[in-house]
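There are 2 protein chains.
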Amino acid sequence: MTVDGEPSGSTTAPAGTRRSTTIYDVARAADVSHQSVSRYMRGMGMRPGTKAKIEKALETLEYKPNLSARALITGRSLRIGALTHETHQIGPSMIIQGATAAARDAGYLLDVVALDMGDRADINRALGLLMQYDLAGILAFASTDSTRAVFEGTDFGVPVVLAAEDDEPATIPHVHTASRGIHDLVDHLHDLGHRRMLHIAGPADWSAARNRLQAFDTAVRAHGLRPFGVVHGDWSARSASALVQHMDADDLPTAILAANDQMALGAIHALRGLGLDVPRDVSVTGVDDTPESPYFTPSLTTVRLDFRAQGRQVLETLLTELGVTTEPEDRDSAPDPPSVTVMIRESTGPAPRPRG
Amino acid sequence: MTVDGEPSGSTTAPAGTRRSTTIYDVARAADVSHQSVSRYMRGMGMRPGTKAKIEKALETLEYKPNLSARALITGRSLRIGALTHETHQIGPSMIIQGATAAARDAGYLLDVVALDMGDRADINRALGLLMQYDLAGILAFASTDSTRAVFEGTDFGVPVVLAAEDDEPATIPHVHTASRGIHDLVDHLHDLGHRRMLHIAGPADWSAARNRLQAFDTAVRAHGLRPFGVVHGDWSARSASALVQHMDADDLPTAILAANDQMALGAIHALRGLGLDVPRDVSVTGVDDTPESPYFTPSLTTVRLDFRAQGRQVLETLLTELGVTTEPEDRDSAPDPPSVTVMIRESTGPAPRPRG
DNA sequence: GCGGCTATTGTTATCGAGAACAGTTCAGAT
DNA sequence: ATCTGAACTGTTCTCGATAACAATAGCCGC
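Those protein sequences? They're chains A and B, same order as listed. The numbers in this note's numbering rise by one with no breaks, and the one at position 226 of the first sequence is 226. The numbers in this note's numbering rise by one with no breaks, and the one at position 323 of the second sequence is 1323.
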């Protein structure tokens, strides 16, 4: 690690001058009023002569606007707060990346604040800090009902976009995507002859978990079947492994659809512990397609979701809310729904012939 | 997803009042000067009578300080910018969590800005945005030499702590930790009879990769051996898998030490593709201990690092740099080095007897 | 009960930008 | 050449906090 101390002043400015150059400095150098400089910065029309003077002065002084001052007077800012959690999961992480990129494109800075969603006090402390700054808006990735309640119960004073999957599947594209993926997986397994399908769902208070469960249920029934069963994990490999370990050995499913790749991994691990082979005895699928999934043993059949596009879309929703027009281009109707691709790998195979 | 529009005013304030309450509002309500309110907020001494008046007024008005205004006049702020990348990796993600918590404890807000380190233009754009805000300091998690150069070459005007592992192992604790872990792994493998050890290193321009490689080399030579070989991956399972696939089948190592768990996973996958069993034919180890590693097939022997503690330490370094005293407590000497634990699982076993 | 101090409190200036309004300039019409 | 109005430019005020300084109030001893 390296620690850089306070850098010395630039070569042009006298050493020790800490405060950066302001529009007044520029105005003096250009021999115009500070207001003209301000107007120039905002791209307002002006006579070529003054424009040239200002530009010349700007070149010398390397002026950087002070956004605190601007925010103070305008009451608006170009910062967007993003509240999220579980950042080491591929989904949240990629969604944030997409949102960050989209924000940058629109000239906004996305502040990511990672919260410990289990700790209500922590959430409130972070929100308290955050709200004191001028934020243009807030993006809350509230995946669970309880955190969602926190956001809905708080008056932030600025537009808030709560990015959680809704239970009503009507609202937004990316709900459909995960659901569509689950449908495709069920179809795939059905084609392979599977009729006894178990779903390892996420925690019941996660809307994403409910949606995936719902999709599973619908898809299975669409084939005239009934779900073999549903159990709830906590998204972790550990939880799924424990659940599978305690299954009734005399009454096993032929296929397990886990709600994410980690739980699929845990399921495979536990099945192996039970002396069962994947996919010969039981097929297993996940959702997310983490970069590691192709290298699992066996490699995992799963659904690839376009998280980045989701993040972008959520951010654009907020921008619309803020009255920022993002798309001067064609895009006449609704944005493309993010893509879903079923990745068929080694963890799924033909259903074993019924015993007996 | 749900979109909340601009919330209506609270019940106490007249609807439509957008601007929040200021110290002037409080001062008027308490019948004191705004300066007294400011003093109260800063915890300065005052007569009990005025103090009581102010507290009473504060209760009614739910005043929140405007930190932009404060930053404008003081030139200081309570924001720390954290520049990072690869946030979906367990390491960076946990380090950020630790830093966030430490910052919160000290009353600071940590703004996490995720950068695409491959895209120089993106970095500069993000830095440009960030620097316009009043930041108390910047934490740059610059893992590669080139990004490090970017940070070192930029005058941020505020203290910057570059948190990258140094090549000189003298500077900082957490360098030692990963290295110590590698040493322990090598010892473990040596005890099992392994003499032909291959290291799958990270990219050569990552200081972390160089350190781990260096540790591997030292540890192997400490046993009077020579490294069987070193190859460089890019931290991904894919890269390690490709490297292992192209090994000379007639001249294989008995153990592979990958510089992280993902690459270990890729190595295992490729070995299996070559018809080799792990750990019977080849032992494999990783570094990081991701939550999934115990559920790999076979479960992975690896090193658990305390990333959270690392993040906390780096942030405290910055706080010290800022002149903030964080530890009123005992802690007389240097902080405890973050812990390292070797997690021995199924992927390592006795070295196979030499063929022939 | 009155100087002399110190501890509190109040008043005005300040940070760096934009808003509001007033004062110029300049082109085209008369 | 003069008027008119739009386009530009400059002055002053404002945002919400702290800094610097001035003005009190209370406390002490004589």
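Cβ atoms here follow ideal geometry from the backbone N, Cα and C, with glycine treated the same way.
Taking Cβ to Cβ, would you say B:L1061 is nearer than 8 Å to B:L1078? Looking up residue 1061 of chain B in the second sequence gives position 61. Looking up residue 1078 of chain B in the second sequence gives position 78. No, the Cβ-Cβ distance between B:L1061 and B:L1078 is not below 8 Å.
Please state whether DSSP places B:T1218 in a helix, a strand or coil. Looking up residue 1218 of chain B in the second sequence gives position 218. Helix.
Figure out for me which residue from A:I54, A:D105 and A:P298 has the closest Cα to the Cα of A:L312. On the first sequence, residue 312 of chain A is found 312 positions in, with the first residue counted as 1. Reading the sequence as shown, one finds Arg at residue 312 of chain A and not Leu. Ranked by Cα distance from A:R312, the first of A:I54, A:D105 and A:P298 is A:D105.
Specify the secondary structure class of B:S1283 as computed by DSSP and reduced to three states. What you label residue 1283 of chain B is simply residue 283 of the second sequence in a count that begins at 1. B:S1283 sits in a strand when the DSSP states are folded into three classes.
Step through the CB atoms of chain A and report whether any lies within less than 8 Å of the CB of B:G1311. In the second sequence, counting from the first residue as 1, residue 1311 of chain B sits at position 311. So no, B:G1311 is outside the interface.
Please work out which residues of its chain come closer than 7 Å, Cβ to Cβ, to B:V1112, disregarding the five sequence neighbours upstream and downstream, and give them in chain order. Along the second sequence, one-based indexing puts residue 1112 of chain B at 112. Excluding positions up to five away in sequence, the list reads A1082, T1084 and I1096.
Check whether the region 1199 to 1217 of chain B and the region 1272 to 1281 of chain B touch, using three or more Cβ-Cβ pairs below 8 Å as the test. Contact between the region 1199 to 1217 of chain B and the region 1272 to 1281 of chain B is absent, with fewer than three C-beta pairs closer than 8 Å.
Once you ignore the five residues that flank B:D1025 on each side, which residues in its own chain have a CB closer than 8 Å to its CB? Taking the first residue of the second sequence as 1, we reach residue 1025 of chain B at position 25. Cβ contact annotation for B:D1025 (same chain, cutoff 8 Å, sequence separation greater than five): L1061 and Y1063, in chain order.
Bridge partners for B:L1318 per DSSP, in chain order? On the second sequence, position 318 is the one that residue 1318 of chain B refers to. Per DSSP, none; premise fails for B:L1318.
Taking the beta strand (DSSP E) that A:I256 belongs to, which residues open and close that run? Reading the first sequence from its first residue, position 256 is the one you call residue 256 of chain A. Per DSSP, A:I256 is one residue of the beta strand (DSSP E) stretching across A255 to A258.
Could you tell me whether any Cβ in chain A is nearer than 8 Å to the Cβ of B:G1266? Counted from its first residue, the second sequence places residue 1266 of chain B at position 266. The C-beta of B:G1266 comes closer than 8 Å to at least one C-beta of chain A.
For a contact meaning CB atoms closer than 8 Å, what does A:T87 contact in chain B? Residue numbering aside, residue 87 of chain A sits at position 87 when the first sequence is read from its first letter. Within 8 Å Cβ-Cβ: T1087, H1088, S1093, I1096 and Q1097.
N- and C-terminal bounds of the beta strand (DSSP E) containing A:L162: Counting from one through the first sequence, the residue named residue 162 of chain A turns up at place 162. It spans V160 to L162 - the beta strand (DSSP E) in which A:L162 sits, taken as one unbroken run.
Tell whether a beta-carbon distance below 8 Å holds between B:L1322 and B:A1136. Your numbering for residue 1322 of chain B matches position 322 in the second sequence. Your numbering for residue 1136 of chain B matches position 136 in the second sequence. Contact flag set, yes.
Within chain A, the residues that B:E1292 reaches when beta carbons sit closer than 7 Å: Position 292 of the second sequence, counted from the first residue, corresponds to residue 1292 of chain B. At a C-beta separation below 7 Å, B:E1292 has these neighbours in chain A: A237, Q262 and L265.
Between which two residues does the alpha helix (DSSP H) carrying A:T60 extend? Locating residue 60 of chain A in the first sequence gives position 60, counting from the first residue. Run containing A:T60: P48 to L61, per the alpha helix (DSSP H) assignment.
If distances are taken between C-alpha atoms only, which option among A:R308, A:S347 and A:T320 comes closest to A:A101? Translated into the one-based positions of the first sequence, residue 101 of chain A becomes position 101. For A:A101, the nearest C-alpha among the options comes from A:R308.
Cα separation between B:S1038 and B:N1211? The sequence position of residue 1038 of chain B within the second sequence is 38, counting from 1. The sequence position of residue 1211 of chain B within the second sequence is 211, counting from 1. Distance between the alpha carbons of B:S1038 and B:N1211 is about 50 Å.
Are the Cβ atoms of B:D1184 and B:V1287 separated by less than 8 Å? In the second sequence, residue 1184 of chain B corresponds to position 184, counting from 1. In the second sequence, residue 1287 of chain B corresponds to position 287, counting from 1. With contacts defined as CB atoms closer than 8 Å, B:D1184 and B:V1287 fail to qualify as a contacting pair.
Against B:A1069, what residues of chain A qualify as contacts under a CB-to-CB distance less than 7 Å, listed in chain order? Taking the first residue of the second sequence as 1, we reach residue 1069 of chain B at position 69. Result: L72.
Extent of the continuous beta strand (DSSP E) to which B:D1261 belongs: Against the second sequence, residue 1261 of chain B aligns to sequence position 261. Not the beta strand (DSSP E): B:D1261 falls in the alpha helix (DSSP H), residues D1261 to G1273.
When burial is assigned at 16 or more other CB atoms within 10 Å of the CB, is A:D134 buried or exposed? Sequence index remark: in the first sequence, residue 134 of chain A carries index 134 (1-based). Within a 10 Å sphere around the beta-carbon of A:D134 sit 16 or more other beta-carbons, which makes this residue buried.
Name the chain A residues whose beta carbon is nearer than 8 Å to that of B:N1066? Position 66 of the second sequence holds residue 1066 of chain B. Counting only Cβ-Cβ distances below 8 Å, B:N1066 has contacts in chain A at L72, Q132 and D134, in chain order.
Should A:D289 and A:D261 be called a contact, given that it needs their Cβ atoms to be closer than 8 Å? One-based indexing of the first sequence puts residue 289 of chain A at position 289. One-based indexing of the first sequence puts residue 261 of chain A at position 261. Yes.
For B:L1109, return the contacting residues in chain A, with the cut-off set at a CB-CB distance below 7 Å. Residue mapping note: residue 1109 of chain B aligns to position 109 of the second sequence, counting from 1. Per Cβ cutoff of 7 Å: L129 and L130.
Assess, as a yes-or-no matter, whether the region 1257 to 1271 of chain B is touched by the region 1233 to 1241 of chain B under the definition of 3 or more beta carbon pairs within less than 8 Å. Below 8 Å, enough C-beta pairs join the region 1233 to 1241 of chain B and the region 1257 to 1271 of chain B to call them touching: three or more.
What residues of chain B sit near A:H269, judged by a beta carbon separation below 9 Å? In the first sequence, the residue the question calls residue 269 of chain A occupies position 269. P1294, Y1295, F1296, T1297 and S1299, listed in chain order.
Can you give the beta carbon distance from B:V1032 to B:T1050, rounded, assuming they're within the 8 Å contact cut? Locating residue 1032 of chain B in the second sequence gives position 32, where the first residue counts as 1. Locating residue 1050 of chain B in the second sequence gives position 50, where the first residue counts as 1. About 6 Å separates the CB atoms of B:V1032 and B:T1050; that is less than 8 Å, so the two are in contact.
For a quick check, are the C-beta atoms of B:R1195 and B:T1144 less than 8 Å apart? As a working mapping, residue 1195 of chain B is identified with position 195 in the second sequence. As a working mapping, residue 1144 of chain B is identified with position 144 in the second sequence. Their beta carbons are not under 8 Å apart, which means B:R1195 does not touch B:T1144 by this criterion.
For A:H246, does the count of other Cβ atoms within 10 angstroms reach 16, so buried, or fall short, so exposed? As a first step, residue 246 of chain A is located in the first sequence; it is residue number 246 there, counting from the start. It is exposed - the Cβ of A:H246 has fewer than 16 other Cβ atoms within 10 Å.
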